[in-house]
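Enquirer: First the structure, which I've put down as C-alpha cells, then a few questions once you've had a look.
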Amino acid sequence: SQQGEEDPQALSIQEGENATMNCSYKTSINNLQWYRQNSGRGLVHLILIRSNEREKHSGRLRVTLDTSKKSSSLLITASRAADTASYFCATEGGQDSWGKLQFGAGTQVVVTP
Amino acid sequence: GAVVSQHPSRVICKSGTSVKIECRSLDFQATTMFWYRQFPKQSLMLMATSNEGSKATYEQGVEKDKFLINHASLTLSTLTVTSAHPEDSSFYICSAIPGPNEKLFFGSGTQLSVL
C-alpha cells in the first residue's frame, strides 16, 4: 500500500526558479528518501534523511523532515531543464522493514528553458 | 559503488506466456531483495520481499501463484510472471540491500508489454 501523499502532483517552472514539493506519510519511520525517475527509466537515489535529522543538503537539493507532522519537503534550487523528471519520496519503516520502501504518489516536475 | 543489474530491460510477450525477470547484485550479497511494480504515471507499489533460501513474502493483493519469486542464491532473485495477460503490462523494478540499515540499490527496471 502507498505510504502517503505528495504535493503537488505536477509542477511546471522555468529554469533558474526553485521547485518545492512536499510529502506526507502515515506511520513511524527509520528514514525518508527522495528519488528521481526520468520517464520510463529506473530510479535515481537523491538523498536520505534519518528520523532524527531535521534538514539535509546535497548540492542544489535541500530536504527537511518534520516527524511531528509526518512530513518532508524537497527543494531544488536554481532548477535546470535536466531536472525535468518525476520525484518520489519513500519511507523505510521499523526494525523488520529494512530496505522495504513505501513510495509516495510522486510529483511530476517540468522545467522549461 | 554497488550495482544491481536487472534483465531484461524490456520484454514483449504474447498473452498466456510466462516471463522471467532477473535481478542480480553484482558486488555484494543480498539476503533480501524487493520487487516493485509501477503502472504508467503511477507510483511504485511493493509486490513482495524476496528472501534468500526461503519463501517470498507477498504484499496484500499480490497473487503469489501469478508472480513467482525465487531467491536461490545471495546474488540472484527472479520474478516470473506466469500466464501473462495484458493487465500485467507494467514496469517491474527490483532492489537489493546488503544488510539491515545499509543503503538500498535499485535495478534499472523491466518494461513488460503483454499483447
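Residue numbers (our numbering), protein chains in the order written: chain A, -15 to 97; chain B, -2 to 112.
We treat Cβ as the ideally placed atom computed from N, Cα and C, and that holds for glycine.
Every value quoted in this text rests on a predicted model; they were computed, and no experiment measured them.
Find the nearest neighbour of B/V16 within the set B/L23, B/S22, B/V8, judged by alpha-carbon distance.
Expert: For the residues B/L23, B/S22, B/V8, the minimum Cα distance to B/V16 belongs to B/V8.
Enquirer: Evaluate B/F88 with the Cβ neighbour count: other Cβ atoms within 10 Å of its Cβ, from every protein chain shown; 16 or more gives buried, anything less gives exposed.
Expert: Result: buried.
Enquirer: Along the segment 13 to 38 of chain B, what residues have a CB closer than 7 Å to any CB found in chain A?
Expert: Listed by position along the chain: T29, F31.
Enquirer: At a CB-CB cut-off below 8 Å, which residues of chain A make contact with B/N98?
Expert: By Cβ distance, chain A contributes N14, W82.
Enquirer: Buried or exposed, going by whether 16 or more other CB atoms sit within 10 Å of the CB of B/V0?
Expert: Exposed is the call here.
Enquirer: How big is the Cα-Cα spacing for A/T51 and A/T11?
Expert: A/T51 and A/T11: Cα-Cα distance of roughly 10 Å.
Enquirer: With 16 other CB atoms within 10 Å as the buried threshold, where does A/L49 fall?
Expert: Looking at its Cβ environment, which holds 16 or more other Cβ atoms inside 10 Å, A/L49 is buried.
Enquirer: If you count every other CB in all the chains shown that lies within 10 Å of the CB of A/G78, and 16 or more means buried, which is it?
Expert: That one is exposed.
Enquirer: Cβ closer than 7 Å: which chain B residues qualify as neighbours of A/A89?
Expert: S40, listed in chain order.
Enquirer: Span of the beta strand (DSSP E) holding A/W18?
Expert: Unbroken beta strand (DSSP E) run through A/W18: 15 to 21.
Enquirer: Going along the chain, which residues of its own chain have a beta-carbon closer than 8 Å to the beta-carbon of B/Q26, five neighbours each way excluded?
Expert: If we look at B/Q26 and ignore the five residues flanking it on each side, its Cβ neighbours are L71, T72, P95.
Enquirer: According to DSSP, simplified to helix, strand and coil, what is A/D80?
Expert: Helix.
Enquirer: For A/G90, I'd like the list of residues in its chain whose CB is within less than 7 Å of its CB, leaving aside the five on either flank, ordered along the chain.
Expert: Cβ neighbours of A/G90 beyond the five flanking positions: E(-10), S70, Y71, F72.
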